[in-house]
Structure formats: structure tokens, C-alpha cells
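K.L.:
Residue numbers (the numbering used here): 24 to 174. Beta carbons: idealized from backbone N, C-alpha and C, even for Gly. What you are looking at is a predicted structure, and each value in this text was computed from that prediction instead of being measured.
1. Under a three-way DSSP split, which group does residue 100 fall into?
2. Indicate whether residue 85 and residue 103 have their beta-carbon atoms separated by less than 8 Å.
3. Should the stretch 39 to 55 be regarded as contacting the stretch 94 to 102, the criterion being three or more beta carbon pairs within less than 8 Å?
4. Can you pull the DSSP bridge partners for residue 44?
5. Going by beta carbon distance, what residues of the same chain come within less than 8 Å of residue 87, once the five residues before and after it are set aside?
6. DSSP on residue 122, reduced to helix/strand/coil?
7. Please identify the residue among 93, 121, 130, 144 whose C-alpha is closest to the C-alpha of residue 113.
8. Return the chain-ordered ranges of every beta strand (DSSP E) run that is complete within the stretch 32 to 92 and spans a minimum of 3 residues.
9. For the putative contact between residue 143 and residue 106, defined by C-beta atoms under 8 Å, what is the C-beta separation to the nearest angstrom?
10. How long is the line joining the alpha carbons of residue 54 and residue 95, rounded to whole angstroms?
11. What did DSSP end up calling residue 152 once you bin it into helix, strand or coil?
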């Protein structure tokens with residue numbers, strides 16, 4: 024199968040999701056030439072703001088393969104992945120992803136995540152979402168406890 028074949032499937036999933044009342048996002052996750060997951064954006068049915076097509080494909084693929092390590096997998100997404108989906112793909116080892124519709128294509132429809140990408144380039148303490156360190160007094164050893172359990 025070709026990259027275009029997998030992408031067509033992702034777009035078809037997105038179109039079907041629109042027909043079901045959802046957002047125009049579908050994803051296909053492929054590893055070693057085999058489709059390991061097909062997913063759509065499920066925010067409208069789950070009320071889970073993280074239920075993006077790519078996230079759902081990662082969840083399904085990790086479950087099907089019984090591992091959080093998706094090294095070697097390729098993601099095909101109907102739309103440009105948002106920063107959350109990008110980070111999740113990076114975290115689980117996906118190093119190749121293709122998208123059909125760009126942020127520019129989605130801009131007129133409120134489907135661009137370019138502003139989120141700009142936001143994450145700001146210093147953590149300077150963004151809309153304020154990230155500040157706050158370790159409770161006397162707290163220590165959490166990571167060491169984890170490391171000791173790994174041995």
C-alpha cells in the first residue's frame with residue numbers, strides 16, 4: 024500500500040465523522056506496512072477534549088500492540104496535528120506523520136492550530152497557560168523512588 028492509500032483512508036474516516044456530526048478529523052496508524060489503528064475525532068461523543076483522531080489512534084495502536092512504544096509507526100491524519108497530538112506522537116516514538124489539510128487550509132473554518140504552536144514557543148511563565156514550579160516543603164525522592172522500583 025502507498026502513503027496516498029493510507030491518507031485517503033484517513034480522509035474518508037474524517038468525512039464519515041462529519042456525517043455522524045463530528046469534526047473533520049480522521050487518522051490511520053501504520054506499522055510495518057499494517058494498519059494497527061483507525062480513528063476519528065470523538066470529542067463530540069465523549070466530551071473528552073483530548074479525543075483527537077491521532078490520540079485515539081495512538082491509544083488503539085498501543086493497546087493492539089501491547090506497548091506504549093510505537094517506534095517505526097507512521098501516522099496519517101486528515102488535518103495538521105495539533106501540538107498535543109504532535110507531542111504524543113513524539114513521546115511514543117512515531118517519527119513520521121503526514122497530513123492532508125494544513126493549518127492554512129483550516130484557518131477560515133476555525134480549524135487551525137497555528138496559534139497553539141506559537142503559544143508553546145513562548146517561555147512557560149509567559150504564556151496564556153501559566154506554568155510555575157511549586158514543590159511542597161519537604162517533598163523529595165519521587166523520581167528516586169520510581170528508579171528504585173525499576174531495578
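P.N.:
In brief:
1. strand
2. no
3. yes
4. DSSP, once it has assigned bridges, lists no residue as partnering residue 44.
5. 59, 60
6. strand
7. 93
8. 49 to 54, 57 to 63
9. 5 Å
10. 6 Å
11. coil
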